[in-house]
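Beneath this line is the structure, given in structure tokens, with notes to follow.
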Amino acid sequence: MAPPTPRRAAILRFVRERILAGDPPTVREVQEAFGFRAVQSARSHLEALVAAGHLTKEGGGKARGYRLPATAGGLVWVGLIGRVAAGELSLAVEEAAGYVVVRSPPGAELFALRVRGESMVGAAILDGDVVVVRRQATAEAGEIVVARVGDEATVKRLRLVAGRVELHPENPAFAPIVAEPGAVEILGKVVEIHRHLEPVPLGEDEG
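My numbering puts the first residue of the sequence shown at 126, with every later residue one more than the last.
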């Protein structure tokens, strides 16, 4: 991968910082930040960074579609999309609030959530932890899942009891959530826990 020119290195740092803050910039925002007269000038620099492998671009014409590429050694950037309760149910909003780097097999669809509450302390999931979740619509009994009941989501251990779904806490101070199978949507399986989420160093680009 060839190093970018000084101007493109500055654009890349700007885009990286915005992505890591959970707010990927639009082409027009890059134009305004660097004082380009035409939006096409900003787009040309961004597309050159994509072509060189410094950025990737999501399909579908998304206005904020520029992303950081997968890192070396099977590491990928996973969006921190909101909060999930490990206590009472609470809404998990799917808007990236930052990113965490995790090791992942190719093709896995992952997202991350910050945990609020203490109902899963027996499974070593504490208030403030970040859980990395593999998106999947089903799970095996005994697995820790993120599940949605109505418009709200929670992290619990999945159990099946007498034909009903039980979202079981790992803290005796909390009661399980019991519902009919059709009332519970499995959003994914918890595959990793991060106790401390720290900013990813951006480093300095050459060129």
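The C-beta atom is built at its ideal place from N, Cα and C for all residues, glycine as well.
Checklist line | Alpha-carbon to alpha-carbon, I206 and L137 | finding: 23 Å
Next item on the list: For H170, name the three-state secondary structure that DSSP assigns.
Entry: Of the three classes helix, strand and coil, the one that applies to H170 here is helix, per DSSP.
Next item on the list: Below 8 Å CB to CB, which residues in the same chain sit around V164 once its five sequence neighbours on both sides are set aside?
Entry: V152, R153 and Q156
Next item on the list: Measure how close the beta-carbons of V290 and A237 come, nearest whole angstrom, since I'm counting them as under 8 Å.
Entry: Not quite, the Cβ-Cβ distance comes to about 24 Å (not below 8 Å), so this is no contact.
Notebook entry, point to check: Taking the alpha-carbon positions, what's the V140 to P128 distance?
Noted result: 16 Å
Check: Is the distance from the Cβ of E310 to the Cβ of R273 below 8 Å?
Finding: yes
Notebook entry, point to check: DSSP state of F236, grouped into three classes?
Noted result: strand
Margin query: Rounded to whole angstroms, what is the Cα-Cα separation between G275 and L235?
Written below: In a straight line, the C-alpha of G275 is about 22 Å away from that of L235.
Next item on the list: Would you kindly work out how many angstroms separate the C-alpha atoms of A266 and R284, rounded to a whole number?
Entry: The alpha-carbon of A266 is positioned some 5 Å away from that of R284.
Check: Taking the alpha-carbon positions, what's the D254 to V271 distance?
Finding: C-alpha separation (whole angstroms): 14 Å.
Item checked: Buried versus exposed, by CB contacts within 10 Å (16 or more), V315 -> buried
Notebook entry, point to check: Which residue from V286, R241, A249 and E305 puts its Cα closest to that of A278?
Noted result: R241
Notebook entry, point to check: Looking only at C-alpha atoms, which of D252, V201 and P194 sits nearest to S229?
Noted result: Nearest C-alpha to S229: V201.
Checklist line | Residues that E277 bridges to, as DSSP identifies them | finding: Its beta-bridge partners are V274.
Checklist line | Within-8 Å CB hit, A237 to chain C | finding: Of the protein chains in the structure, only one exists, and it is not chain C.
Check: For I250, which of helix, strand or coil comes out of DSSP?
Finding: Three-state DSSP puts I250 in coil, outside helix and strand.
Check: How far does the alpha helix (DSSP H) with R138 in it reach, from first residue to last?
Finding: P131 to L145
Checklist line | Residues that H293 bridges to, as DSSP identifies them | finding: Under DSSP, H293 takes part in a beta bridge, and its partners are R282.
Margin query: Rounding to the nearest angstrom, what Cα-Cα distance links H293 and F299 in this structure?
Written below: 9 Å
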